[in-house]
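Chain order of the listed sequences is H and V. Residue numbers are given in our numbering: position 210 of the first sequence equals residue 228, and the series is strictly consecutive. Residue numbers are given in our numbering: position 172 of the second sequence equals residue 190, and the series is strictly consecutive. What follows is a single structure, written as structure tokens, with notes after it.
There are 2 protein chains.
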Amino acid sequence: MDITPVLDQIDADLDNALDRLLELLRIQSISTDPAYADACQDAANWLVKDLASMGIAAEKRETPGHPMVVGHVEGEGPHVLFYGHYDVQPVDPLDLWDSPPFEPAIEDYNGAKVIRGRGSSDDKGQLMTFVEACRAWKSQHGTLPCKITFFFEGEEESGSPSLVPFMQENAEELKSDIALICDTGLFQSKTPAIITTLRGLLGQEVKIRAADKDLHSGMFGGVAMNPIRVLTKIVAGLHDDIGRVTLPGFYDGVPELDPEIAAQWEALNFDHDAFLGDVDLSVPAGEKGRSPLEMIWSQPTCEPNGIIGGYTGDGFKTVLPAEASLKISFRLVGNQDPIKIRESFQSYVRSMLPEDCSAEFINYGASGGSAMSTDHPAFEQARRALSDEWPEAAAFAGCGGSIPIAGHFKDILGTDAMLIGFAKDDDQIHSPNEKYDVESFHKGIRSWARILHAMTQ
Amino acid sequence: MDITPVLDQIDADLDNALDRLLELLRIQSISTDPAYADACQDAANWLVKDLASMGIAAEKRETPGHPMVVGHVEGEGPHVLFYGHYDVQPVDPLDLWDSPPFEPAIEDYNGAKVIRGRGSSDDKGQLMTFVEACRAWKSQHGTLPCKITFFFEGEEESGSPSLVPFMQENAEELKSDIALICDTGLFQSKTPAIITTLRGLLGQEVKIRAADKDLHSGMFGGVAMNPIRVLTKIVAGLHDDIGRVTLPGFYDGVPELDPEIAAQWEALNFDHDAFLGDVDLSVPAGEKGRSPLEMIWSQPTCEPNGIIGGYTGDGFKTVLPAEASLKISFRLVGNQDPIKIRESFQSYVRSMLPEDCSAEFINYGASGGSAMSTDHPAFEQARRALSDEWPEAAAFAGCGGSIPIAGHFKDILGTDAMLIGFAKDDDQIHSPNEKYDVESFHKGIRSWARILHAMTQ
């Protein structure tokens, strides 16, 4: 089948594609907050309906959490599964958004057109690049270039609790020759990337309690245990002076970086100064002696993501709080065992508790790091297709983020996963004013059309 | 003038006195939160009107913050000034209140009648013990037993920013032979106390900033500085292993405890186990080798009162926050210099800042500790009067709280201050479910009637 009319159709239909994306972005599908459960249903319904409008039979599949959307199109050639997620991050702090997060719009930004709004980049905009590529194929050829399974989830931003059980229960249905995942970024702004390593993610919350009520710091200060003091001491002890994590056994399973891969990364000429400068930083904060790219792509982390205790409103209150709590996450690499690290963290916390204090743990998702095997021919086909579309040749790269599904495809379904995405570093995903470049969206759609074409030649 | 009819009138009028207090408690005069500025005006107006109803001319006096209430009654004998505050603490966490904080009621609690509601003990209930004593005197004798100045402020819970300027500007008007302050507690539950030492209070907020926006912990984790890590390290470094504060110069001006005072305190047979046990604690958390009473009455503290940073809502968000902030206060004793300690804290914080991080400081009130001179005859007169009213003899005691006005009376007006109050340790001041025993209120009114009588014999 000819690719040219497909690409032409993508160009001609871009405004309509943007309108469709804006519709999806208006749905407030924040998965982590139970208040938005209905909106997650709405987003799933929207996707089912959109696929149906292209003549693709898909259905919403309920889970104990938010639903999956699964659709199948029969065809010749390899069987490809495409994965994306329709849920989005919370929007706070709301006052830092320049426009309401769920009233998306096309704006001018730094000389480019961007799609502004929560989820524009992570991951609704990226998910729709693949859907729009399929729409263009269908419109020109009446069919897709190969057998395709669409698989969308709505819990990626809240640890994907239903994903593994769903994949296990529906393993036969979800098996394919290769899984395509669009939830990653360009390598710097003009170089497309195929991600070959991902960090895992372990999420943990801990609440430290002392007295059974908030106390007056005049009446009890100096004598009653202050949970903020206990908690800050716990957090402060997690890193040593050179930035390494102190938890016993934490580095078990962290591989030394392969010199060949190190050389390949070095050749990318990553602009470390610009990377930090873009967010008003200048000094890499991590372990001494490793480059930022090496830190992000190959080293584990331990980072507090939220802390709260005592009075945090306007003005001052001389309270000794009864409780202080912490949300903390670990990015994992190689063969680090998330379960062992969770245990190590919890015993460390318990070892730091003075008498009279207790710790309550809330466990969030736990997934290890993953490394893709690039032996599958699709990797080289995709690299060439991406290089045709973009001004710079595509790179094999690492990724500091965690997309546990990549590992699940391998472990549960035995399928290799190929991660290709078009987000930019300044997309402000997970932050106020999230955006997605119209160029990312447009060339992203064209990229998928080319990749499907390349895989079926 | 005879005391007996005054005490009888107090007993007969108790229900009405309680109704008046409930009226005052309904006014939401939270001074630290600008949203309640009108309520602070309402509380001041209420007091002016209540004094007027007794034939006492008082007026609301505006300040740059919340107003003062000042009234004068001429008379024979010593000139007494009475101070109390009509503002109250914030009410959060609201969900821990068993009934709405500003819908006060008389309740049964642990076998006693209590007045439940924000400010019932701190300080509206206590303030009204003196007002009601004066009302009873007026009703029986048509006059008060001596010359009295009423002086109420509305900013005590927010650091009293207008107090010193107001006292300086109105020094002649506010000078008296002795100042009476009702903002302290009984020594344990049946022993009245006259407070002779108070700790000072220094309040400080600090915001640590790193990147110019919240970051994704996958994309930047390990490389971008995390302000929660910086802040927790700062807090963790404030105390050494034996619980002493590490700030340079912090202990300058902290006196060794006078063995005579130590012996006097020892003789009080303070029940340290019950004190901690009441709030579900068992181990004194402070500096090793000092008794809890000694810690609270004679040693300085450094306690975080609030900390916040990153995502603190339901669920999990893998954010590296741009900012984390801390509210911290220091209780000061002897001749510790609050200004020098503020400087020492701020330079310590700056010394702990990695490159790329900045600190913003917000200064709250700063007052040193104070020690009353008990040479004034009123101290012995009050001790006897209190011993007549209560089942146990009155004690000279210390206080861990901070009532800077006691020092201001001495420094600005040259007046000794005598602190007598009827709060109990379980009043939960500054906490949810604040209460004041009806017995404290009733015997408190009777105590003031007796003290005024004793001072004018």
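Every residue gets a Cβ at the ideal spot worked out from N, C-alpha and C, and that includes glycine. In this text, all values refer to a predicted model and were calculated from it rather than measured experimentally.
{"query": "Just the chain V side, please: which residues come within less than 9 angstroms of residue 349 of chain H by C-beta, in chain order?", "result": "235, 236, 239, 240, 336"}
{"query": "So what does residue 322 of chain H bridge to, in DSSP terms?", "result": "H:346"}
{"query": "Residues of chain H with CB under 8 angstroms from residue 304 of chain V, in chain order?", "result": "240, 241"}
{"query": "Ignoring anything shorter than 4 residues, give me the alpha helix (DSSP H) runs that lie fully in the stretch 162-211 of chain H, in order along the chain.", "result": "181-187, 189-192"}
{"query": "For the alpha helix (DSSP H) holding residue 403 of chain V, just list the boundary residues, first then last.", "result": "395-407"}
{"query": "What does residue 254 of chain V touch in chain H if you count any residue whose Cβ is under 9 angstroms from its own?", "result": "247, 250, 251, 252, 253, 254, 255"}
{"query": "Quick one: what does DSSP say residue 352 of chain H is sitting in, helix, strand or coil?", "result": "coil"}
{"query": "By the DSSP assignment, the alpha helix (DSSP H) with residue 34 of chain V in it spans what residues?", "result": "32-43"}
{"query": "Go through its chain and collect everything with a Cβ distance to residue 432 of chain V's Cβ below 8 angstroms, but skip five positions before and after it.", "result": "193"}
{"query": "Grab me the residues of residue 319 of chain H's own chain with a C-beta within less than 6 angstroms of its C-beta, minus the 5 sequence neighbours each way, in chain order.", "result": "349"}
{"query": "Tell me whether the beta-carbon of residue 49 of chain V lies closer than 7 angstroms to the beta-carbon of residue 172 of chain V.", "result": "yes"}
{"query": "Suppose the cutoff is 6 angstroms on Cβ atoms and the five residues either side in sequence are ignored; what does the same chain contact list for residue 93 of chain H look like?", "result": "162, 164, 165"}
{"query": "Take residue 29 of chain V as the anchor and find which of V:457, V:53, V:270 has the nearest alpha-carbon.", "result": "V:457"}
{"query": "Can you name the residues that DSSP bridges to residue 102 of chain H?", "result": "H:170"}
{"query": "Quick one: Cα of residue 241 of chain V to Cα of residue 226 of chain V, how far?", "result": "17 angstroms"}
{"query": "At which residues does the beta strand (DSSP E) containing residue 417 of chain H begin and terminate?", "result": "413-417"}
{"query": "What is the residue span of the beta strand (DSSP E) that residue 158 of chain H lies within?", "result": "Element bounds for residue 158 of chain H: not the beta strand (DSSP E) but the alpha helix (DSSP H), 142-159."}
{"query": "Nearest-angstrom Cα distance between residue 389 of chain V and residue 396 of chain V?", "result": "16 angstroms"}
{"query": "Return the bridge partner residues of residue 123 of chain V from the DSSP annotation.", "result": "V:134"}
{"query": "Can you tell me which of the three DSSP states residue 361 of chain H falls into?", "result": "helix"}
{"query": "Quick check on this structure: which residue in V:443, V:445, V:437, V:470 has the alpha carbon closest to the alpha carbon of residue 215 of chain V?", "result": "V:437"}
{"query": "Is it buried or exposed, residue 302 of chain H, if we count other Cβ atoms within 10 angstroms and call 16 or more buried?", "result": "buried"}
{"query": "Does the structure place the stretch 441-457 of chain V close enough to the stretch 402-415 of chain V that three or more beta carbon pairs sit under 8 angstroms?", "result": "no"}
{"query": "Mapping the DSSP letters down to three states, classify residue 57 of chain V as helix, strand or coil.", "result": "helix"}
{"query": "Using 7 angstroms as the threshold, is the C-beta distance between residue 103 of chain H and residue 174 of chain H below it?", "result": "yes"}
{"query": "Can you pull the chain H neighbours of residue 345 of chain V, defined as C-beta to C-beta under 8 angstroms?", "result": "328, 329, 330, 334, 335"}
{"query": "Just to confirm, are residue 462 of chain H and residue 314 of chain H a CB contact at a threshold of 7 angstroms?", "result": "no"}
{"query": "Could you tell me how far apart the beta carbons of residue 122 of chain H and residue 245 of chain H are, in whole angstroms, since I believe they sit closer than 8 angstroms?", "result": "Contact flag wrong, Cβ pair sits at about 41 angstroms."}
{"query": "What is the rounded straight-line gap between the Cα of residue 65 of chain H and the Cα of residue 329 of chain V?", "result": "29 angstroms"}
{"query": "When the Cβ atoms of the stretch 231-238 of chain H are set against those of the stretch 276-295 of chain H, are three or more pairs found closer than 8 angstroms?", "result": "no"}
{"query": "Flag residue 157 of chain H as yes if its beta-carbon sits less than 7 angstroms from any beta-carbon of chain B, otherwise no.", "result": "The structure shown contains no chain B; its protein chains are H and V."}
{"query": "Of all the CB atoms in chain H, is at least one closer than 7 angstroms to the CB of residue 376 of chain V?", "result": "no"}
{"query": "Per DSSP, what kind of secondary structure is residue 440 of chain V in: helix, strand or coil?", "result": "coil"}
{"query": "Just how far apart, CA to CA, sit residue 355 of chain V and residue 268 of chain V?", "result": "9 angstroms"}
{"query": "Who are the neighbours of residue 244 of chain H on chain V, taking C-beta pairs under 8 angstroms?", "result": "303, 321, 322"}
{"query": "Does the separation of the CB atoms of residue 366 of chain H and residue 204 of chain H fall below 7 angstroms?", "result": "no"}
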